[in-house]
Structure formats: C-alpha cells, structure tokens
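The opening residue of the sequence shown carries number 40 in this note's numbering; numbering runs sequentially from there.
C-beta: ideal position from N, C-alpha, C; glycine also.
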Amino acid sequence: MNTAESEAASQDITHNADIPTIGVLVSGRGSNLEAIFDAIARGALHARVGIVISSNPNAPALGIAAAHEVPARVIVPKDYASRAEAGMAIIAALRAAGAVLVVLAGYKPILDGCVVGAYPMRIINIHPSLLPAFAGGMAPRPQADALAAGVKISGCTVHFVTEAVDEGPIIAQAPVPVYDDDTVERLSARILDVEHRLLPQAIERILYSTVRLEGRRVILI
Ligand code: GRF
Numbered sequence: 040m041n042t043a044e045s046e047a048a049s050q051d052i053t054h055n056a057d058i059p060t061i062g063v064l065v066s067g068r069g070s071n072l073e074a075i076f077d078a079i080a081r082g083a084l085h086a087r088v089g090i091v092i093s094s095n096p097n098a099p100a101l102g103i104a105a106a107h108e109v110p111a112r113v114i115v116p117k118d119y120a121s122r123a124e125a126g127m128a129i130i131a132a133l134r135a136a137g138a139v140l141v142v143l144a145g146y147k148p149i150l151d152g153c154v155v156g157a158y159p160m161r162i163i164n165i166h167p168s169l170l171p172a173f174a175g176g177m178a179p180r181p182q183a184d185a186l187a188a189g190v191k192i193s194g195c196t197v198h199f200v201t202e203a204v205d206e207g208p209i210i211a212q213a214p215v216p217v218y219d220d221d222t223v224e225r226l227s228a229r230i231l232d233v234e235h236r237l238l239p240q241a242i243e244r245i246l247y248s249t250v251r252l253e254g255r256r257v258i259l260i
C-alpha cells in the first residue's frame, strides 16, 4: 500500500467508526430495503443497517437481510400478549443493535405507541402517495385510490411516524405522473421506482441534518 492508499484506508476506518446504525422494519417484498443496501454500497447513504425486524416470518425481505449478512429478527405482534409487549420486544431489539434511526420500509402493523415514544422523531415511513392524499391502507390501496380518484399526479412521501397513522410531519415527497392507460400495477411500479430513490436520500438527510419542526413543517438544516 502506498502512502496515499494507506491514508485513504485510515480515513475510511475513521469514517466507518462514526457511521450511524439504522434499524429497518419490514413485512414483505423488501425492495425498499434492497434500495437502502444499494445506496450504502454506492456511497450515497452513509449508514449501516444494524438490524432488520420483520412482522412476517415469510417475508422475502428476510432473504435480502441474510444476503447482506445483517441480523434479522421476526417479531409477530399476534404472538405477544399485547401490541405493547410486541412493541417492547421491538424496542429491545433496536436498542441492542444500537439503532439511532428506525425506517419502516413496507412495515404493515401499526406500531405501538411505546415504540413511537422510545424514538421520538426518529422513526420514518415511506408511503406510496402524496400525503395527505390517500393516507391509510397498505400498498396497493393508496395507488388504487389515486387511480380511482382520477388524479393526474401521485407519488410517494417519506414522513415521521407519529401515533396517528400516515399523519406525521412530511420529510420528503416526489411526484409521479398518472397516465390514462394506467393500471394499479403499472402505477405502483412507477411509484416504487421513485420510492427507491427517495427513501435512501431522506435517510441520509435525516441522519446528517438538524431537524427543526415549525408547526407541521419539517426544516432540515
Ligand atoms: C411500498 O410501496 C411502500 O411505499 C409501502 O409498502 C411498499 C413496500 O414495498 N409502505 P417493499 O416491501 O419495500 O418492496
């Protein structure tokens, strides 16, 4: 190794030591989880995924976590005496992994208030519509609702998670055109492509900015 290479290597080590750990909660396919890993690999997201928690033991997202050698936990809320107990298990797993930010990437259950309270303004979600339009319901419901409403533009939103579902302050949004010959599948695929760009960008911005809330407006400094 020449001097320049060894300096670069030691800078990498310093940088890695400071890299924030995120926890990702999933329930299904995991394409947004994969997008997070891709962004990390190409240097667009400076974070490490410390744990993946799935509410579904059969989620393909678990295979994605395994392929990236990231520890995964399956926490199925109905296996616990209450949603709060499942929430406590989620908090314990996130804390053990050292997660400083929690990303819901296609996570279906409604998080118990204890989890939201344990990570105030540190849990974010991606939703496949331009909130506050077409809030509520998992994909493909928001996409189907957008199509049925006849809107010409839909998109996706990254927002903070609060106890009111899909109502937390908006961090980032991106528009997606709705075409006359769209089906729910075609519109969903077009939105998903944009989600894969928006979510890692939003994670990077949240991790490396100071978050100020002015009313419902999120200002990232
Ligand atoms: C995405 O459409 C996301 O907006 C919604 O659930 C879907 C998850 O897809 N919350 P995937 O599991 O990341 O592929």
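Enclosing alpha helix (DSSP H) for residue i [first to last residue]
i           : result
residue 227 : 223-246
residue 111 : First-last for residue 111: 111-113, but that is the beta strand (DSSP E), not the alpha helix (DSSP H).
residue 253 : Segment 250-253 is the beta strand (DSSP E) holding residue 253; no alpha helix (DSSP H) there.
residue 208 : Premise fails: residue 208 is in no alpha helix (DSSP H) and is neither H nor E.
residue 186 : 180-188
residue 77  : 70-80
residue 101 : 99-106
Inter-residue CB distance, residue i and residue j (contact presumed, cutoff 8 Å)
i           : j           : result
residue 70  : residue 94  : No, residue 70 and residue 94 are not in contact; Cβ-Cβ is about 17 Å, not under 8 Å.
residue 62  : residue 170 : The pair is not a contact, with the Cβ atoms about 23 Å apart (cut-off 8 Å).
residue 176 : residue 136 : Contact flag wrong, Cβ pair sits at about 29 Å.
residue 165 : residue 113 : Contact doesn't hold; Cβ gap of about 21 Å is too wide.
residue 78  : residue 239 : 3 Å
residue 208 : residue 140 : Not really, about 15 Å apart at Cβ, beyond 8 Å.
residue 106 : residue 91  : Incorrect: roughly 11 Å between the Cβ atoms, too far for contact.
residue 252 : residue 200 : Residue 252 to residue 200, Cβ: 14 Å. No contact.
Buried versus exposed, by CB contacts within 10 Å (16 or more), residue i
i           : result
residue 224 : exposed
residue 158 : buried
residue 210 : buried
residue 192 : exposed
residue 203 : exposed
residue 237 : buried
residue 126 : buried
residue 100 : buried
residue 145 : buried
residue 96  : exposed
residue 245 : buried
Limits of the unbroken beta strand (DSSP E) element including residue i
i           : result
residue 19  : The structure shown does not extend to residue 19, since the chain is modelled only from 40 through 260, so no value can be given for it.
residue 266 : Residue 266 is absent from the structure shown; the chain starts at 40 and stops at 260.
residue 199 : 192-199
residue 93  : 87-93
residue 258 : 256-259
Cβ neighbours of residue i in the same chain (closer than 8 Å, five flanking residues each side left out)
i           : result
residue 185 : 168, 172, 173, 193, 217 and 226
residue 83  : 239, 240 and 243
residue 190 : 172 and 217
Chain-order list of residues whose beta-carbon lies under 7 Å from that of residue i (same chain, five-residue window excluded)
i           : result
residue 293 : Because the chain here runs from 40 to 260, residue 293 falls outside it and cannot be looked at.
residue 248 : 259 and 260
residue 130 : 153, 154 and 157
residue 250 : 160, 257 and 259
Own chain partners of residue i with C-beta closer than 6 Å, once the 5 adjacent residues on each side are dropped
i           : result
residue 215 : 193, 194, 229, 230 and 233
residue 103 : 69, 72 and 73
If you scan the segment 139-165 from start to end, which runs of the alpha helix (DSSP H) of 4 or more residues do you find wholly inside it?
152-157
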